[in-house]
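Convert by adding 3 to the 1-based position in the sequence shown; the result is the number in this note's numbering. All C-beta atoms, glycine included, are put in the ideal place defined by N, C-alpha and C. Comments concern the structure below.
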Amino acid sequence: MKKRILVTGGAGFIGSHLCERLLNEGNEVICMDNYFTGDKDNVLHLLDNPYFELIRHDVTHPYFVEVDQIYNLACPASPVHYQYNSIKTIKTSVMGAINMLGLAKRINARILQASTSEVYGDPLVHPQKEDYWGNVNPIGIRSCYDEGKRCAESLFVNYHEQNNVDVRIIRIFNTYGPRMNPNDGRVVSNFIVQALKGEDITIFGDGKQTRSFQFVDDLVEGMIRMMNVENFTGPVNIGNPNEFTMLELAEKVIKLTNSESKITYLPLPADDPLQRQPDISLAKEKLNNWEPKVQLNEGLTKTIEYFSALLEK
Ligand code: NAD
Ligand code: UDP
Numbered sequence: 004m005k006k007r008i009l010v011t012g013g014a015g016f017i018g019s020h021l022c023e024r025l026l027n028e029g030n031e032v033i034c035m036d037n038y039f040t041g042d043k044d045n046v047l048h049l050l051d052n053p054y055f056e057l058i059r060h061d062v063t064h065p066y067f068v069e070v071d072q073i074y075n076l077a078c079p080a081s082p083v084h085y086q087y088n089s090i091k092t093i094k095t096s097v098m099g100a101i102n103m104l105g106l107a108k109r110i111n112a113r114i115l116q117a118s119t120s121e122v123y124g125d126p127l128v129h130p131q132k133e134d135y136w137g138n139v140n141p142i143g144i145r146s147c148y149d150e151g152k153r154c155a156e157s158l159f160v161n162y163h164e165q166n167n168v169d170v171r172i173i174r175i176f177n178t179y180g181p182r183m184n185p186n187d188g189r190v191v192s193n194f195i196v197q198a199l200k201g202e203d204i205t206i207f208g209d210g211k212q213t214r215s216f217q218f219v220d221d222l223v224e225g226m227i228r229m230m231n232v233e234n235f236t237g238p239v240n241i242g243n244p245n246e247f248t249m250l251e252l253a254e255k256v257i258k259l260t261n262s263e264s265k266i267t268y269l270p271l272p273a274d275d276p277l278q279r280q281p282d283i284s285l286a287k288e289k290l291n292n293w294e295p296k297v298q299l300n301e302g303l304t305k306t307i308e309y310f311s312a313l314l315e316k
């Protein structure tokens, strides 16, 4: 059945894919963004659709609209951008959650929070399951993002318990794909852009730290399943368990782009997690056997095609 859906942060990397998919499924989509890290270009191709509305608005201010569902994605996701104005990042996560939960309560909408694997911090348990409480430095340079997202989870759970708001929480693990901002600062976009330009590939630290990379289409599928499942609030991990070191990633990118780039080593930023891998058994159980379908070589190839075209413009 056709629904009216609000996506905050809808002009960002993940948000734009989500808006596109929701429209393709016959829904009406309201995309709200303040364009801090997002871009109108990401949703330009959707503007001809009469069921798509684009609103410039900052989620830290209240917003009122009548919708059936809210996907709350507004928040910078790359360390470079979320550390640029750390107080604003906390406000976006916390006040954004309060504003959107207040709206959901008032209009009786279901609301999904885009939480993160960063709630596990630098994890002492591997792989990470949802019942792990995490290892976050509350005063470190990543805390504006990690603690903001942890507080948002707490708000979601408490609005559910206290006010019966119909909430869903997903913890997203490192996701990549077309429409990442070339200046985003995250590792996949950095390495691809560097390789395509023939610049040095910048590995932070010794490159032995690991991440598990998920292609954006798999995430969007998991997100939509979670939003529409009954009697399950989460939190649930949504990620691809295939784990790689940053050195392995750099070598893959160099090979797939046929690049002459060399690897250079830069200092590891403070509190950078050493390892990260999702346990996705809960997602499989609750979300009708959801699991990632696109593995790293295929996803990187699609992402490289996107950045090649972008850099040729
Ligand atoms: P992104 O930076 O491309 O998108 C975030 C969007 O939110 C941007 O369009 C930005 O302009 C918008 N935004 C930021 N502050 C805002 C505000 N105050 N008001 C309105 N809009 C605002 O990042 P992304 O990778 O698409 O991430 C989307 C969401 O998913 C974020 O909440 C992020 O924390 C979460 N997430 C992403 C990943 C990942 O690997 N990409 C991992 C875990 C969680
Ligand atoms: N990283 C890197 N070179 C870069 C950007 C990032 O080696 O140019 C490393 C970073 O230190 C981290 C990993 O890649 O260990 C993933 O970083 P990203 O910012 O993409 O995601 P997050 O650390 O938030 O998981």
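Tell me the rounded alpha-carbon separation between residue i and residue j.
| i | j | result |
| --- | --- | --- |
| Thr260 | Asp169 | 45 Å |
| Arg228 | Leu115 | 11 Å |
| Ile33 | Leu9 | 5 Å |
| Val352 | Ser262 | The structure shown does not extend to residue 352, since the chain is modelled only from 4 to 316, so the question has no answer here. |
| Leu299 | Lys258 | 13 Å |
| Thr236 | Ala112 | 14 Å |
| Leu290 | Gly180 | 23 Å |
| Tyr54 | Tyr66 | 19 Å |
| Gln131 | Gln280 | 6 Å |
| Phe207 | Asn245 | 21 Å |
| Cys78 | Tyr85 | 8 Å |
| Asn166 | Lys108 | 7 Å |
| Leu252 | Gly302 | 12 Å |
| Gly15 | Leu271 | 27 Å |
| His129 | Asn184 | 30 Å |
| Asn52 | Phe310 | 25 Å |
| Glu121 | Lys91 | 18 Å |
| Glu164 | Glu133 | 19 Å |
| Ser284 | Val297 | 18 Å |
| Phe159 | Glu233 | 17 Å |
| Arg189 | Thr119 | 15 Å |
| Asp275 | Asp125 | 7 Å |
| Glu315 | Glu224 | 30 Å |
| Gly151 | Ile175 | 15 Å |
| Met230 | Lys94 | 24 Å |
| Asp282 | Glu254 | 26 Å |
| Tyr38 | Val68 | 20 Å |
| Glu288 | Asn240 | 12 Å |
| Asp187 | Thr40 | 8 Å |
| Thr267 | Lys6 | 49 Å |
| Leu313 | Val191 | 15 Å |
| Lys43 | Arg59 | 10 Å |
| Leu250 | Met4 | 46 Å |
Where do the ends of the alpha helix (DSSP H) carrying residue i lie?
| i | result |
| --- | --- |
| Thr306 | Leu299 to Glu315 |
| Phe207 | Premise fails: Phe207 lies in the beta strand (DSSP E), Ile204 to Phe207, not in any alpha helix (DSSP H). |
| Glu164 | Ser146 to Asn166 |
| Ala117 | Not the alpha helix (DSSP H): Ala117 falls in the beta strand (DSSP E), residues Arg113 to Thr119. |
| Asn193 | Val190 to Lys200 |
| Ile101 | Ser89 to Ile110 |
| Glu133 | Taken as a continuous stretch (DSSP letters only), Glu133 belongs to no alpha helix (DSSP H), as it is neither H nor E. |
| Arg228 | Val219 to Asn231 |
| Tyr74 | Premise fails: Tyr74 lies in the beta strand (DSSP E), Gln72 to Asn75, not in any alpha helix (DSSP H). |
| Leu290 | From DSSP, Leu290 is part of no alpha helix (DSSP H); its letter is neither H nor E. |
| Val239 | Looking at the DSSP string, Val239 is not in any alpha helix (DSSP H); the run it does join, the beta strand (DSSP E), is Val239 to Ile241. |
| Val2 | Since the displayed the chain opens at 4 and closes at 316, residue 2 lies outside it and no answer follows. |
Check whether the Cβ of residue i lies closer than 8 Å to any heavy atom of the ligand SAH, and answer yes or no.
| i | result |
| --- | --- |
| Ile17 | The ligand SAH is not among the ligands present in this structure, which contains only the ligand NAD and the ligand UDP. |
Residue i and residue j look like a contact to me (Cβ under 8 Å); what is the Cβ gap, rounded to whole Å?
| i | j | result |
| --- | --- | --- |
| Leu57 | Ile17 | At roughly 16 Å, the Cβ-Cβ gap does not stay under 8 Å, so Leu57 and Ile17 are not in contact. |
| Phe247 | Pro295 | Actually they are not in contact, since the Cβ atoms of Phe247 and Pro295 sit about 14 Å apart, beyond 8 Å. |
| Ile172 | Pro238 | 4 Å |
| Tyr74 | Leu21 | 6 Å |
Taking the continuous beta strand (DSSP E) assigned at residue i, which residues delimit it?
| i | result |
| --- | --- |
| Glu28 | Here Glu28 belongs to no beta strand (DSSP E), and DSSP marks it neither H nor E. |
| Leu269 | Ile266 to Leu269 |
| Met46 | Sequence check: residue 46 is Val here, not Met. Val46 -> no beta strand (DSSP E), and no H or E assigned at all. |
| Ser262 | That residue, Ser262, is in no beta strand (DSSP E); it is neither H nor E in DSSP. |
| Lys235 | Reading off the sequence shown, one finds Phe at residue 235, where the question assumed Lys. From DSSP, Phe235 is part of no beta strand (DSSP E); its letter is neither H nor E. |
| Leu9 | Arg7 to Thr11 |
| Phe55 | Phe55 to Arg59 |
Residues whose Cβ lies closer than 7 Å to any heavy atom of the ligand UDP, in chain order: Ser81, Pro82, Glu121, Asn177, Gly188, Arg189, Val190, Val191, Asn193, Phe194, Thr205, Ile206, Phe207, Gly208, Gly210, Gln212, Arg214, Met249, Leu271, Pro272, Asp275, Pro276 and Arg279
Any 3 or more C-beta pairs closer than 8 Å across the stretch 303 to 314 and the stretch 193 to 207: yes
query: Any chance the stretch 202 to 212 sits against the stretch 127 to 140, with 3 or more Cβ pairs inside 8 Å?
result: no
* Decide yes or no for the touch test of the stretch 33 to 48 against the stretch 207 to 217: beta carbon pairs closer than 8 Å, at least 3 of them. => no
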